[in-house]
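Trainee:
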Amino acid sequence: RYGDPSATMDGIKLLWYVLANEIRVRRQEARVLGSRYSPEILSKAPSGSENNVDTEGAGLIVYTGADSVNITGYRARQEGDMLIVHVTGAGTITHMNQSASSDAGNRFVNDAGTDRAITTNHGMMFLYINSRWREFTPQ
1308 RYGDPSATMD GIKLLWYVLA NEIRVRRQEA RVLGSRYSPE ILSKAPSGSE
1358 NNVDTEGAGL IVYTGADSVN ITGYRARQEG DMLIVHVTGA GTITHMNQSA
1408 SSDAGNRFVN DAGTDRAITT NHGMMFLYIN SRWREFTPQ
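If you count the sequence shown from 1, position 118 lands on 1425 in my numbering, and the numbers rise without skipping.
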């Protein structure tokens, strides 16, 4: 309908609707992504090995203790959640690969299939995918 102003208006309204919907979807996705990483910080100084560690909803766990400990799992949260672990204390924190000492859904799957030790001033990131905390190493 060449030259029909109502067709032009309909086209503009359609483009406006599509743009508004795209913005709404992107905002919703950003809120979901933001909820996957909690800004809460949990400071821990365990003196012995721990199983099924309660992260208390934190997105960052900072280990400050002097004792070296083994961690067999963190309590499961929601699919897609992220958890960053950092060691500032003198103790080495070892994340045990697939240890049966923790419930199945709380266990780690480390990249090499072996236990992973984190020493002072180092950290690692985990993603909760397919009912396991999986080591995340950007390539």
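For each residue, glycine too, the CB sits at the ideal point set by N, CA and C. Since this is a predicted model, take the numbers as computed values, not measurements.
(1) Label L1322 either buried or exposed according to how many other C-beta atoms from any shown protein chain fall within 10 Å of its C-beta, with 16 as the threshold for buried.
(2) Among the candidates T1371, R1382, A1352, whose CA atom is the shortest distance from the CA of S1408?
(3) Going by the CB atoms, is the gap between G1420 and N1437 shorter than 9 Å?
(4) Go ahead and pull the three-state DSSP assignment for R1478.
(5) Where do the N-terminal and C-terminal ends of the beta strand (DSSP E) with Y1381 fall, by residue?
(6) Would you report the Cα separation of G1412 and I1348, rounded to the nearest angstrom?
(7) Report the rounded CA-to-CA distance for D1311 versus E1329, giving the unit in angstroms.
Mentor: From the atom records:
(1) exposed
(2) R1382
(3) no
(4) Because residue 1478 is not part of the residues shown, which for the chain are 1308 to 1446, the question remains open.
(5) Run containing Y1381: none; DSSP gives neither H nor E here.
(6) 22 Å
(7) 28 Å
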